[in-house]
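K.L.:
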Amino acid sequence: MDIPAILISQYLASLEMLKQTITRCPDSIWNAASDKNKFWQAAYHALFFTHLYLADSEEAFTPWVKHRNGYEDFGPQIVEPYDKATVLEYLAFCQQHVAARVPQLKLEEGFDGRPYNKMELQIYSIRHIMQHTGELMERVGTRAGAQIDWVGSKHG
Numbered sequence: 205m206d207i208p209a210i211l212i213s214q215y216l217a218s219l220e221m222l223k224q225t226i227t228r229c230p231d232s233i234w235n236a237a238s239d240k241n242k243f244w245q246a247a248y249h250a251l252f253f254t255h256l257y258l259a260d261s262e263e264a265f266t267p268w269v270k271h272r273n274g275y276e277d278f279g280p281q282i283v284e285p286y287d288k289a290t291v292l293e294y295l296a297f298c299q300q301h302v303a304a305r306v307p308q309l310k311l312e313e314g315f316d317g318r319p320y321n322k323m324e325l326q327i328y329s330i331r332h333i334m335q336h337t338g339e340l341m342e343r344v345g346t347r348a349g350a351q352i353d354w355v356g357s358k359h360g
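The working numbering numbers the first residue of the sequence shown as 205 and each following residue consecutively.
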């Protein structure tokens, strides 16, 4: 059983579904004033933590070149949101990063004192992507009638 290949497939499938929600999100929903957590912010948050959890440690983590401090968190209102093209660029970076990093991970090792090893952290991370993807799918489905296709697996 090739565990890294399985993890890569499920990461890429999850990211593909997130990509569909982003590309089908109308401008009226992207930064809607009525949403506490903006669409773009939830998408960026999911991508940031995908990227982080593929690092050997938080100390070894290097943020994406277009990262703005604090944008990964749901906190105070951010004045200048990321645009759709930039979030899609980060998503493409994460897709490539998944394919490159997962085979290098020492899955039995811990990650900065968390109560699980890197193998479990990868499953946690995929679940995190899907939690936010589901939230965003609901927004674009309910408000814009967009349909998001299920992606069962995706091989790099």
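The C-beta atom is built at its ideal place from N, Cα and C for all residues, glycine as well.
Run the CB neighbour count on M205, radius 10 Å, all protein chains shown included, and call it buried at 16 or more, exposed below.
P.N.:
Per the 10 Å Cβ criterion, exposed.
K.L.:
Answer yes or no: do F278 and A246 have a C-beta to C-beta separation smaller than 9 Å?
P.N.:
Yes; because the gap between Cβ atoms is below 9 Å, this pair is in contact.
K.L.:
G314 bridges to which residues according to DSSP?
P.N.:
Paired residues: N321.
K.L.:
Return the CA-CA distance between F265 and L258, expressed in angstroms with no decimal places.
P.N.:
If you take the alpha carbons of F265 and L258, they lie about 8 Å apart.
K.L.:
Can you give me the C-alpha to C-alpha distance between F315 and Q214, rounded to a whole angstrom?
P.N.:
The alpha-carbon atoms of F315 and Q214 are separated by roughly 21 Å.
K.L.:
Please work out which residues of its chain come closer than 7 Å, Cβ to Cβ, to H332, disregarding the five sequence neighbours upstream and downstream, and give them in chain order.
P.N.:
Around H332: A250, F253.
K.L.:
If I follow the unbroken alpha helix (DSSP H) through M221, where does it start and stop?
P.N.:
Segment 207-227, the alpha helix (DSSP H) holding M221.
K.L.:
Can you round the beta-carbon distance between M341 and I352 to whole angstroms, since I take them to be within the 8 Å contact cut?
P.N.:
Contact flag correct, Cβ pair sits at about 5 Å.
K.L.:
With a cut-off of 8 Å, do at least 3 Cβ pairs link the region 233-247 to the region 286-305?
P.N.:
Flag = yes, the region 233-247 and the region 286-305 touch.
K.L.:
Spatial neighbours of E293 within its chain, please: CB distance less than 8 Å, with the 5 preceding and 5 following residues excluded, ordered by chain position.
P.N.:
Only K270 meet the Cβ criterion.
K.L.:
Taking Cβ to Cβ, would you say L295 is nearer than 9 Å to K223?
P.N.:
In contact: L295 and K223 (Cβ atoms closer than 9 Å).
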